[in-house]
Amino acid sequence: MDKDSDSTSLTAVQERTGFVRVRGAREHNLKNVDLEIPRDAIVVFTGVSGSGKSSLAFGTLYAEAQRRYLESVSPYARRLFHQMPVPDVDDIEGLPPAVALQQQRGSPTTRSSVGSVTTLSNLLRMLYSRAGDYPRGQEILYAEAFSPNTPEGACPRCHGLGRVYEVTERSMVPDDTLTIRERAIAAWPTAWHGQNLRDIATTLGFDVDRPWRDLPKKDRNWLLFTDEQPTVPVYPGYTQAEVRRALKRKEEPAYQGTFTSAKRHVLHTFANTQSPLMKRRVAQYMVSTECPLCNGKRLRPESLSVTFAGLDIADISSLPLARLADIFRPYADGKAPPLAKIEAEHPEKAVVAQRIAQDLVARLSVMLDLGLGYLSVDRSTPTLSPGELQRLRLATQVRSNLFGVVYVLDEPSAGLHPADTEALLNALGQLKASGNSQFVVEHNLDVIRHADWIVDVGPGAGENGGFVIYSGPPSGLMQVEASQTRRFLFGESLLPHRDTRQPKGWLRLAGVTRNNLHGLDVAFPLGTFTTVTGVSGSGKSSLVSQALVELVAEHLGHDAPAPEEEGEELERAATIASEGRIVSGMEGIKRLVRVDQRAIGRTPRSNLATYTGLFDHVRKLFAATKQARARRYDAGRFSFNVAKGRCPHCEGEGFVMVELLFLPSVYAPCPTCHGARYNADTLKIKYRNKSIADVLGMTVDAAWEFFADEPP
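All the letters of the sequence shown, read from the start, carry residue numbers 320 to 1031 under the working numbering.
This is how it looks when you write it as structure tokens:
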């Protein structure tokens, strides 16, 4: 091979390694996509919602990068990963290791915090353990002693929760005008078990037909709080007099029953039940107060006695990140007067304090640039928006100084005020300058304009999408007529003018206090579309999603819709309620509906049809067909959640898990129903020549056309 050939070959190799090449991507609605995208660049995936952007960026590129990485670790270690499904793609070349930064909760518990997501908590614990100001005579503590999530650090009274929980007569008997037979003891179980305890109480001599408040105090306390568990004969439905006569005649009882007090039932059920519903039910009878030992700081007294810059670790963790940076910056620069004192007495402590402070300030500066300075280290992750969480992870990655990595991001601008977008773009630029690539799924036009390369997916959504209609520099998109993105990116489409509605009244709140809101008075117009704006962290969500919802729900006389279903029940119960009151405007409000960004449905079997109630009507239509009536099939036959209708092999899942000896378990379509989820007899019933599996597989648009002429 001559010199020119070598040069040509080298150029070809360099060009080849500069691109990621995808061949035959068919994940979800992708239509056998071929694609070339550059590395070491900011690549933005655009297109209407449902066009296939995430299927390409996350479902294909990131999933394949993860699969290749997991092939390099041991079979045992692979089982510890939550592995994405293997993507449906022919081949991908030139794909570097990938890190996904998605809009999802990092941990389903309120013990997860800003500090744990960003590792700031670890640095603070090390700082306090090695360079903190200890009381005279107290032994040096390890870093674990400054964490409320470890036995070494958790307050022994509240176990690191910051609150103590107990049951009271008022919490377990909300209406003392009722009798025991009328279920005055609401904390007792429902259904048969509750009736059983009432029958046992009758045998024990308690008057179950006397109003609770008229019972002797001694009897009320025993029924609610005793630890005794006597076993007595039970005569279901007997009155107190009838039980006495039955016992005197030595009548054979129905069975022997064991008594359990209301307190014992509540605490035992909460500690041992595997049912989230049961745990939620008994939690409502438990009341919480601030822990008297740690005053809500969650740590043992020995840990709280150690200070730095005059603050204990709980107090410093509650400060905004911007204030935290101000405290540590002088220590990082070596200019803090206290640092000179530490150096004079303990030179090794001064070195530790300065080095940790430098690391803290460096990490904090990235978070401040991303507009997160209003957060505190101890802010729990379930109270953060998806956008805030993603930017925290992004800040951590910027500080990690990795290179040669692809970062796959899911709308990092979500929840970010336009004033803060520039900081986000700077963070992406830092990652790029470090030799990394970014594949960004995005709708924000400012972020799209900042891209080095655009991959526009579409042209429509669902079945009308799945094609790459453009891949190249942003300017080239102007020539693509089929692109929906083009019209907005280059100012060709403007929103139509609309006349402003006039308010029909005002909902006025006063003294609203929640998170960073303090004594706020506000009025919301009624009968209009109202938008609450402000920079990130200004208090929009605290006002609308929390305070407004809670106050209106309380006024309507029912519980506020839960803002977060994640985490332990008691941890959620510890969240601080809003302060404030409704001054006026509730006269015309009869109902409260909260619409948020939580995933719909509670189980993997939940889908669009079941969640909206459409499934009930579809099952009734199939049950009304001539074939179904002839076979005496009811609507339940057409549910994949019951044995008579679902596939017996996969039990209505549509897929089966295949155990592989040296690989993670994989999911494959059920070989019996081929993913249809129903048994063969059910699939034989047709409505307009479609089986119920065919109908459930339709898009919303196709279903609309299919049922359009169906009589109401």
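Where is the CB? At the ideal position from N, CA and C, for every residue including glycine.
Asked: Entirely enclosed beta strand (DSSP E) segments - the region 923-1006, minimum 3 residues; Found: 974-977, 985-988
Asked: For Trp1023, three-class secondary structure by DSSP; Found: helix
Asked: Contacts around Ser490, its chain only, beta-carbon distance under 6 Å, and the 5 residues preceding and following it disregarded; Found: Tyr604, Val606
Asked: Arg950 versus Ala602 - alpha carbon distance; Found: 47 Å
Asked: Cβ-heavy atom distance, Asp538 to the ligand HEM, below 7 Å; Found: Although the ligand HEM was asked about, the structure shown includes no ligands whatsoever.
Asked: Exposed unless 16 or more other CB atoms sit within 10 angstroms - verdict on Ala590; Found: exposed
Asked: Buried versus exposed call for Ala947 [16 or more other C-beta atoms within 10 Å across all chains shown]; Found: buried
Asked: Beta-carbon proximity of Glu873 to Thr832, cut-off 8 Å; Found: no
Asked: Validate contact between the region 671-680 and the region 729-739 using beta carbons, cut 8 Å, 3 pairs; Found: no
Asked: Val405 - DSSP class collapsed to helix/strand/coil; Found: coil
Asked: Secondary structure of Ser374, DSSP reduced to three states; Found: helix
Asked: Beta-carbon proximity check, Arg682 vs Gly481, cutoff 8 Å; Found: no
Asked: Beta-bridge partners of Gln757, as assigned by DSSP; Found: Ile361, Tyr726
Asked: C-beta contact flag for Asp915 and Ser864 at 8 Å; Found: yes
Asked: Residue closest to Leu687, alpha-carbon to alpha-carbon, out of Val483, Val392, Leu713, Ala672; Found: Leu713
Asked: Residue interval of the alpha helix (DSSP H) (run including Phe589); Found: 581-591
Asked: DSSP beta-bridge partners of Ser695; Found: Pro639
Asked: Glu664 - DSSP class collapsed to helix/strand/coil; Found: helix
Asked: Euclidean distance between Cα positions of Tyr726 and Ala417; Found: 6 Å
Asked: Residue closest to Gln421, alpha-carbon to alpha-carbon, out of Glu761, Ala738, Gly1016; Found: Glu761
Asked: According to DSSP, residues forming a beta bridge with Glu609; Found: Arg482
Asked: Beta-carbon spacing of Arg913, Lys668 below 8 Å; Found: no
Asked: Buried or exposed (CB count within 10 angstroms, at least 16 for buried), Pro656; Found: exposed
Asked: Cut-off 6 Å between Cβ atoms - residues of its own chain near Cys969, not counting five sequence neighbours on either side; Found: Val975, Cys989
Asked: Where Thr521 falls: helix, strand or coil (DSSP); Found: helix
Asked: According to DSSP, residues forming a beta bridge with Ser624; Found: In the DSSP output, where bridge partners are listed per residue, Ser624 has none listed.
Asked: Chain-order list of residues whose beta-carbon lies under 8 Å from that of Ser790 (same chain, five-residue window excluded); Found: Leu354, Glu355, Ile356, Trp772, Ile773, Val774, Asp775
Asked: Contact under 8 Å by Cβ, Gly777 with Ser802; Found: yes
Asked: Span separating the alpha-carbon of Pro747 from that of Ala1027; Found: Going by the sequence as given, residue 747 is Leu instead of Pro. Those two C-alpha atoms are separated by around 47 Å.
Asked: Gly343 versus Phe848 - alpha carbon distance; Found: 45 Å
Asked: Bridge partner(s) assigned by DSSP for Lys537; Found: Paired residues: none, contrary to the question.
Asked: Nonlocal neighbours in the same chain, by C-beta distance under 7 Å from Arg806, ignoring five residues either side; Found: Ser812
Asked: Cβ-Cβ distance between Gly472 and Ser637 below 8 Å; Found: no
Asked: Under the three-state DSSP convention, the category Val339 falls into; Found: strand
Asked: One or two residues paired with Gly576 in a DSSP bridge; Found: Val551
Asked: Cα-Cα separation, Asp325 to Val671; Found: Interpretation of Asp325 is limited by its pLDDT of 43, a score under 50 that renders its predicted location unreliable; no figure is taken from the coordinates.
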